[in-house]
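Engineer: Chain order of the listed sequences is Z and G.
Its first residue numbered 865, the first sequence is counted upward by one per residue in the working numbering.
Its first residue numbered 865, the second sequence is counted upward by one per residue in the working numbering.
Sharing a structure with you now.
Number of protein chains: 2
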Amino acid sequence: MEYRFADRINNLKPSAIREILKNTDPNVIPLAAGNPAVESFPIAEMREIACKIFDEQAGVAFQYGITEGYPKLRELLRQRLHDKFGMGTENDELLIVSGGQQAIDLATKVMCNEGEIIVSENPAFIGALNTFRSYGAKLKGVDVLDDGMDIEALERTFQENPNVKMLYTIPSFQNPLGTCTCLEKRRAVYDLCVKYGVVILEDNPYGELRFDGEDIPTIKSMDTEGIVIYCGSMSKVMSAGIRVGFVLAPKAIAAKMTVGKQASDVHTNQFFQMLIAEYMEHYDFDGHIQKIRALYKHKSGLMLSAIRETFPKEVGYTIPQGGLFLWCTLPEGADMLAFVQFVKERGVSVVPGVAFNVEEGTPSRCFRLNYSTPSDEKVVEGTRRLGQALQEFLAK
Amino acid sequence: MEYRFADRINNLKPSAIREILKNTDPNVIPLAAGNPAVESFPIAEMREIACKIFDEQAGVAFQYGITEGYPKLRELLRQRLHDKFGMGTENDELLIVSGGQQAIDLATKVMCNEGEIIVSENPAFIGALNTFRSYGAKLKGVDVLDDGMDIEALERTFQENPNVKMLYTIPSFQNPLGTCTCLEKRRAVYDLCVKYGVVILEDNPYGELRFDGEDIPTIKSMDTEGIVIYCGSMSKVMSAGIRVGFVLAPKAIAAKMTVGKQASDVHTNQFFQMLIAEYMEHYDFDGHIQKIRALYKHKSGLMLSAIRETFPKEVGYTIPQGGLFLWCTLPEGADMLAFVQFVKERGVSVVPGVAFNVEEGTPSRCFRLNYSTPSDEKVVEGTRRLGQALQEFLAK
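In structure tokens, the structure reads:
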């Protein structure tokens, strides 16, 4: 039979990164990954809680749950976002979702008709871009400068495209850049979106992972008008494999997302929702996060030292104050895709910058590095190999 | 801000059943549920395996996994479907999904453009209907008779609607009817779909739960042409709350579903995929299923006895040979919605038949009963109350 697929899915390609990672041979050091460090998960405490749930609450943990999420976890997360980050009004609702990716999926599902426009930071997280494409949304990119989006370009984009439905941004430790949007620009983004009636999808999977500098308020914390859908994730602080994230959104939007989630997967894994609730309530969640920050400060430091030692001066790179990534830029005229291949042959994988382009077909001289996944030794060795390869490649 | 939602989500209402269940007071016996019995889950064995995973494989269990699913579980399920049920050719691929609901979601996502037609058994599982609506598909219902769909009506529907993309069916222990499509009709459905180029979405969450009569081959087991997407679920045999299901589909479709799943939730909870794999490999999975069958044979028997004792003769009901449900029909002229309200005031909740109508606005004289969720005592007491209420209501 010749299959006639939906148009939405014909536009989608498998994630370049996941394909790169799948085919990696064991001799290649994967600086291309985006995985958190397994040492950053509180495994021993999770085991303790897991046994307790088996012994005391199996009847709840293994039965169907409600779509909005396990009530205690919703309450604890809501409280935390409010007390620590000043987010959430009585007009907001907190929902549990199956990882941050599902938050993006549901937001798009409820907000965007096919052909409507989503504006995104450029470059941007490829997983989000693919989700937008899977709903037939049209994408417009706004370049990100050192301190966040080019605000003039953002306003111009809104003016030129009256049917923009949503703006996608990762203001803290952006993927792939590793940098933050400054406070002034967060306000400017918010004000512009209020002015043009655009919903903001604020994706903040790395917000808790700041290891240098001062916290910057989220855009959601400024949301008096009810235009911000805020997405958080447990993937970088508890475990990525359990697929638990959350959304703080205006009630009217959250109600639609709930109906959308019923049709997607009914509810998120109940056992791990309960486990996280117990952990947040009875263990030292903040102390645990401090340890993750120290871990990534250490690992990013190793990578930056190796970069300073071995990279040619003409190669640019961002200096992250948190998160998992940094972003390198080759000098003008360099063929980035040829370099990614060149370095892979020398035993290091990196993600080519084109993978993060909002509008396909635009060129890139950049690549993304990750320091959270490999061991300390491999971070150093991989970065040095990269430096050596850069020297050779740029001398050609 | 006045929100402008996507059309797809404006068509959706919250699941009537989930809303009924949410608002139930503790004095009301919920014969409206569709939950498996918690006693049917192998909790002790799951606990044992969970500890082992924490001790030996935490680094895999809590890290990101691959979208297609945990390799060992895919292999075991594929083998089981092949060896026990004769399903799967080398042209098929097995994927792990986040519960049976996601299988339906992904199938629709990859196959159906907005405005294209999905034909469904009528009445049908409300969760599937809502998913179809969430993609803007148009629904056409074909009435189900005692032994499966009205085959002439099915062919007429295909003839009258040249853009039918997919047929949705639960051939075994249908939700809400509780009955099975006979072998002859399964073949007829398959042949018609080959003839008209329609993909079959065969949903089989209850297939393992036969407690009377002989197994009937699945439609997928006849699939030489690669037109059947088969959906299975762990919700009724291991646990509903863990959200693990699977799909056996032609490779070309499975590849698209994988890309769709990357954009939905990246992958399914890795820990419980590993747990199920370990259970299937090293424990007595078939023996466990035998116990569930005995449990539901017992519970359905209790309900049927109470029905025979207390229901007025003019009320019809199906006699299930498996699954979780039976379906009652009031005599002509009776106001079913008034009855559902009447019986609720007498302390029993049932699901009104209209909730399962494929085309909204069509009337129904039916309601659905469930015997798997309440305790034995409550199954008997609830059914007796229902009989009493029927006597009173029909005498009015």
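Here a beta-carbon is modelled for each residue, glycine too, at the ideal position from N, C-alpha and C.
Note that the structure is predicted; figures quoted are calculated from it, not measured.
What number of angstroms, rounded off, separates the C-alpha of N994/G from the C-alpha of M910/Z?
Structural biologist: For this step, residue 994/G is matched to residue 130 along the second sequence. For this step, residue 910/Z is matched to residue 46 along the first sequence. Each residue's alpha carbon lies about 36 angstroms from the other.
Engineer: Taking only beta-carbon positions, decide if M865/Z is within less than 8 angstroms of chain G.
Structural biologist: Position 1 of the first sequence, counted from the first residue, corresponds to residue 865/Z. True, the Cβ-Cβ gap to chain G drops below 8 angstroms.
Engineer: Use the C-beta contact count for E985/G: other C-beta atoms within 10 angstroms, 16 or more gives buried, fewer gives exposed.
Structural biologist: Residue 985/G sits at position 121 when you count from the first residue of the second sequence. Label assigned to E985/G: buried.
Engineer: Of all the options K1208/Z, G1061/Z, T1033/Z, V1244/Z, which has the alpha carbon lying nearest to the alpha carbon of M1167/Z?
Structural biologist: Within the first sequence, numbered from 1, the residue matching residue 1167/Z stands at position 303. Comparing Cα positions, the closest option is V1244/Z.
Engineer: I believe S962/G touches D1129/G by the beta-carbon criterion, under 8 angstroms. Please report the beta-carbon distance rounded to the nearest angstrom.
Structural biologist: To locate residue 962/G, count along the second sequence from 1; it is residue 98. To locate residue 1129/G, count along the second sequence from 1; it is residue 265. That belief holds up - the Cβ atoms of S962/G and D1129/G are roughly 6 angstroms apart, short of 8 angstroms.
Engineer: From this set, M1098/G, R942/G, A908/G, M1144/G, which residue's C-alpha is nearest N955/G's C-alpha?
Structural biologist: Here residue 955/G is taken as the residue at index 91 of the second sequence, counted from 1. Selected option, being the one with the closest Cα: R942/G.
Engineer: Taking one C-beta from the region 1035 to 1047 of chain Z and one from the region 929 to 944 of chain Z each time, how about it: are there three or more such pairs within less than 8 angstroms?
Structural biologist: Result no; under three Cβ-Cβ pairs closer than 8 angstroms.
Engineer: How about A992/G and K973/Z: are their beta carbons less than 8 angstroms apart?
Structural biologist: Against the second sequence, residue 992/G aligns to sequence position 128. Against the first sequence, residue 973/Z aligns to sequence position 109. No, the Cβ-Cβ distance between A992/G and K973/Z is not below 8 angstroms.
Engineer: Is the beta carbon of G964/G closer than 8 angstroms to that of Q1134/Z?
Structural biologist: By 1-based counting over the first sequence, the position of residue 1134/Z is 270. By 1-based counting over the second sequence, the position of residue 964/G is 100. Contact flag unset, no.
Engineer: Would you say L1056/G and L1018/G are within 8 angstroms of each other, going by their C-beta atoms?
Structural biologist: Residue mapping note: residue 1056/G aligns to position 192 of the second sequence, counting from 1. Residue mapping note: residue 1018/G aligns to position 154 of the second sequence, counting from 1. Their beta carbons are under 8 angstroms apart, which means L1056/G touches L1018/G by this criterion.
Engineer: If contacts are defined as beta-carbon pairs under 8 angstroms, then F1136/Z and I907/G qualify, I think. What distance do you get, rounded to the angstrom?
Structural biologist: In the first sequence, residue 1136/Z corresponds to position 272, counting from 1. In the second sequence, residue 907/G corresponds to position 43, counting from 1. Contact flag wrong, Cβ pair sits at about 16 angstroms.
Engineer: Helix, strand or coil: how does DSSP classify Y934/Z here?
Structural biologist: Counted from its first residue, the first sequence places residue 934/Z at position 70. Looking at Y934/Z - three-state DSSP - the assignment turns out to be coil, as it is neither helix nor strand.
Engineer: Note down the Cα distance separating Y1235/G from I930/Z, rounded to an integer number of angstroms.
Structural biologist: Counting from 1 along the second sequence, the entry for residue 1235/G is found at position 371. Counting from 1 along the first sequence, the entry for residue 930/Z is found at position 66. Taking the straight line from one Cα to the other gives about 20 angstroms.
Engineer: Give the residues of chain G in contact with I1106/Z, contact being defined as C-beta atoms less than 8 angstroms apart.
Structural biologist: Residue numbering aside, residue 1106/Z sits at position 242 when the first sequence is read from its first letter. Here the neighbours are F926, N1133, Q1134, F1135.
Engineer: What residue range is occupied by the uninterrupted alpha helix (DSSP H) comprising D969/G?
Structural biologist: In the second sequence, counting from the first residue as 1, residue 969/G sits at position 105. Segment 964 to 975, the alpha helix (DSSP H) holding D969/G.
Engineer: Is the Cβ-Cβ distance between A967/Z and C1046/Z less than 8 angstroms?
Structural biologist: Here residue 967/Z corresponds to residue number 103 of the first sequence, with the count starting at 1. Here residue 1046/Z corresponds to residue number 182 of the first sequence, with the count starting at 1. Result no, Cβ atoms of A967/Z and C1046/Z do not sit closer than 8 angstroms.
Engineer: Please specify which runs of the beta strand (DSSP E), each continuous and at least 3 residues long, are wholly inside the region 1145 to 1210 of chain G, giving them in chain order.
Structural biologist: Those beta strand (DSSP E) runs which fall completely within the region 1145 to 1210 of chain G and span 3+ residues are 1189 to 1193.
Engineer: For the beta strand (DSSP E) containing D1087/Z, list its first residue and its last residue.
Structural biologist: As a working note, residue 1087/Z is residue 223 in the first sequence. It is not in any beta strand (DSSP E) - D1087/Z carries neither H nor E in the DSSP assignment.
Engineer: According to the neighbour-count rule (16 or more other Cβ atoms, all chains shown, within 10 Å of its Cβ), is S904/Z buried or exposed?
Structural biologist: To locate residue 904/Z, count along the first sequence from 1; it is residue 40. By the neighbour-count rule (16 or more Cβ atoms within 10 Å), S904/Z is buried.
Engineer: Measure from the C-beta of C1192/Z to each C-beta in chain G and report whether the shortest distance is under 8 angstroms.
Structural biologist: As a working mapping, residue 1192/Z is identified with position 328 in the first sequence. Judged by the 8 angstroms Cβ criterion, C1192/Z is not in contact with chain G.
Engineer: Can you list the residues of chain G that D1055/Z reaches, using a CB-CB cut of under 7 angstroms?
Structural biologist: Numbered from 1 along the first sequence, position 191 holds the residue referred to as residue 1055/Z. The contacting residues do not exist; D1055/Z stays about 13 angstroms from chain G at best.
Engineer: Using DSSP bridges, identify the partner residues of I981/Z.
Structural biologist: As a first step, residue 981/Z is located in the first sequence; it is residue number 117 there, counting from the start. Note: I981/Z sits in a beta bridge opposite K1002/Z, V1028/Z.
Engineer: For chain G, find out if any of its Cβ atoms is closer than 8 angstroms to the Cβ of L1233/Z; answer yes or no.
Structural biologist: Locating residue 1233/Z in the first sequence gives position 369, where the first residue counts as 1. No, no contact with chain G.
Engineer: Does the beta carbon of E909/G sit closer than 8 angstroms to a beta carbon anywhere in chain Z?
Structural biologist: On the second sequence, position 45 is the one that residue 909/G refers to. By this cut-off, E909/G is not an interface position.
Engineer: Whole angstroms is fine: what's the gap from E1066/G's alpha carbon to N874/Z's?
Structural biologist: Numbered from 1 along the second sequence, position 202 holds the residue referred to as residue 1066/G. Numbered from 1 along the first sequence, position 10 holds the residue referred to as residue 874/Z. Between E1066/G and N874/Z, the C-alpha separation is close to 23 angstroms.
Engineer: Can you list, in chain order, the residues of the region 1212 to 1238 of chain Z whose Cβ is nearer than 8 angstroms to any Cβ on chain G?
Structural biologist: The region 1212 to 1238 of chain Z vs chain G, Cβ under 8 angstroms: nothing.
Engineer: Looking at the C-beta of L959/G, does it have a partner C-beta in chain Z at a distance below 8 angstroms?
Structural biologist: By one-based count along the second sequence, residue 959/G stands at place 95. Chain Z contact via Cβ: absent.
Engineer: So, under 8 angstroms CB-CB, Y1070/G and G1186/G are touching, yes? Tell me the CB distance rounded to an integer number of Å.
Structural biologist: In the second sequence, residue 1070/G corresponds to position 206, counting from 1. In the second sequence, residue 1186/G corresponds to position 322, counting from 1. That belief holds up - the Cβ atoms of Y1070/G and G1186/G are roughly 6 angstroms apart, short of 8 angstroms.
Engineer: Closest by CA to A901/Z, which one among A1158/Z, M951/Z, A1253/Z?
Structural biologist: Here residue 901/Z refers to the residue found at position 37 of the first sequence. Among A1158/Z, M951/Z, A1253/Z, the Cα nearest to that of A901/Z is on A1158/Z.
Engineer: Any contact of the region 1145 to 1160 of chain Z with the region 1207 to 1223 of chain Z, i.e. 3+ C-beta pairs under 8 angstroms?
Structural biologist: Verdict: no, contact absent.
Engineer: Can you have a look at L1201/Z and say buried or exposed, based on whether 16 or more other CB atoms are within 10 angstroms of its CB?
Structural biologist: Within the first sequence, numbered from 1, the residue matching residue 1201/Z stands at position 337. L1201/Z comes out exposed.
Engineer: Determine whether the Cβ of T1088/G lies closer than 8 angstroms to any Cβ atom of chain Z.
Structural biologist: Within the second sequence, residue 1088/G is the residue found at index 224, counting from 1. Not closer than 8 angstroms to any Cβ of chain Z, the Cβ of T1088/G fails to qualify, so no.
Engineer: Give the straight-line distance between the Cα atoms of M1144/Z and G1151/Z, rounded to the nearest whole angstrom.
Structural biologist: On the first sequence, residue 1144/Z is found 280 positions in, with the first residue counted as 1. On the first sequence, residue 1151/Z is found 287 positions in, with the first residue counted as 1. Straight-line Cα distance between these residues: approximately 11 angstroms.
Engineer: Would you mind working out which of A914/G, C1044/G, T953/G, A896/G sits nearest S1213/G, comparing C-alpha positions?
Structural biologist: Indexing the second sequence from 1 puts residue 1213/G at position 349. Comparing Cα-Cα distances from S1213/G to each of A914/G, C1044/G, T953/G, A896/G, the minimum goes to A896/G.
Engineer: For A1113/G, which beta-bridge partners are listed by DSSP?
Structural biologist: The sequence position of residue 1113/G within the second sequence is 249, counting from 1. Note: A1113/G sits in a beta bridge opposite E957/G.
Engineer: With 8 angstroms as the threshold, decide whether the Cβ of V1130/Z is near any Cβ in chain G.
Structural biologist: As a working mapping, residue 1130/Z is identified with position 266 in the first sequence. Yes, because at least one Cβ of chain G sits closer than 8 angstroms to the Cβ of V1130/Z.
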